[in-house]
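Chemist: First, the structure itself, so that you have it in front of you.
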Amino acid sequence: MVVVVVVVVVVVVVVVVVVVVVVVVVVVVVVAAAAAVVVLAAVVVVVVVVVVVVVVVVVVVVVVVVVVVVAAVVLVVVVAVAAVVVLAAVVVVVVAAALAVIVVVVVAVVVMAAAALVAEVVVVVLGAAAV
Numbered sequence: 001m002v003v004v005v006v007v008v009v010v011v012v013v014v015v016v017v018v019v020v021v022v023v024v025v026v027v028v029v030v031v032a033a034a035a036a037v038v039v040l041a042a043v044v045v046v047v048v049v050v051v052v053v054v055v056v057v058v059v060v061v062v063v064v065v066v067v068v069v070v071a072a073v074v075l076v077v078v079v080a081v082a083a084v085v086v087l088a089a090v091v092v093v094v095v096a097a098a099l100a101v102i103v104v105v106v107v108a109v110v111v112m113a114a115a116a117l118v119a120e121v122v123v124v125v126l127g128a129a130a131v
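Per my numbering, the sequence shown starts with residue 1, numbered consecutively.
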């Protein structure tokens, strides 16, 4: 009878020890899994933050490059338009000067022709008067 009690006690102790070991192992595995999930979540958060930062930086760089290119194109167009306006003004001034020279020459020729005609008339009148 004592042997049966000892065997039962030993079996109960072994079962309790096995149950405790299994419970401890399960708790350790669950805690490790939870820690792994937390670490994985932290890694995912870090990766998402890095991706968002990279996307924002790329967008900002693209916007800055586009703004600089557009500003350069606008500046080139403005300079080209200004150059065309200046060139047109120079052409207008040159044409006006040429027309002024032509008018002065025409007026001078007309005045000289008139003076020659008047001189001819004077010579004819004086010649007729002398006769």
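Every residue gets a Cβ at the ideal spot worked out from N, C-alpha and C, and that includes glycine.
1. For the alpha helix (DSSP H) containing MET112, list its first residue and its last residue.
2. Spatial neighbours of VAL73 within its chain, please: C-beta separation below 7 Å, excluding the five flanking residues on both sides.
3. Could you tell me the distance, in whole angstroms, from the CA atom of VAL8 to the CA atom of VAL14?
4. Please work out which residues of its chain come closer than 7 Å, Cβ to Cβ, to LEU117, disregarding the five sequence neighbours upstream and downstream, and give them in chain order.
5. Would you report the Cα separation of ALA129 and VAL95, rounded to the nearest angstrom?
Modeler: Let me spell this out:
1. Within the sequence shown, residue 112 is the residue found at index 112, counting from 1. It spans 2-130 - the alpha helix (DSSP H) in which MET112 sits, taken as one unbroken run.
2. Taking the first residue of the sequence shown as position 1, residue 73 is located at position 73. Beyond the five residues adjoining it in sequence on each side, VAL73 comes within less than 7 Å, by CB distance, of no other residue in the same chain.
3. Here residue 8 corresponds to residue number 8 of the sequence shown, with the count starting at 1. Here residue 14 corresponds to residue number 14 of the sequence shown, with the count starting at 1. VAL8 and VAL14 have their C-alpha atoms spaced approximately 10 Å apart.
4. Position 117 of the sequence shown, counting from 1, holds the residue named residue 117. Residues of the same chain with their beta carbon placed closer than 7 Å to that of LEU117 are lacking, with the five preceding and five following residues left out of the count.
5. The sequence position of residue 129 within the sequence shown is 129, counting from 1. The sequence position of residue 95 within the sequence shown is 95, counting from 1. The alpha-carbon atoms of ALA129 and VAL95 are separated by roughly 50 Å.
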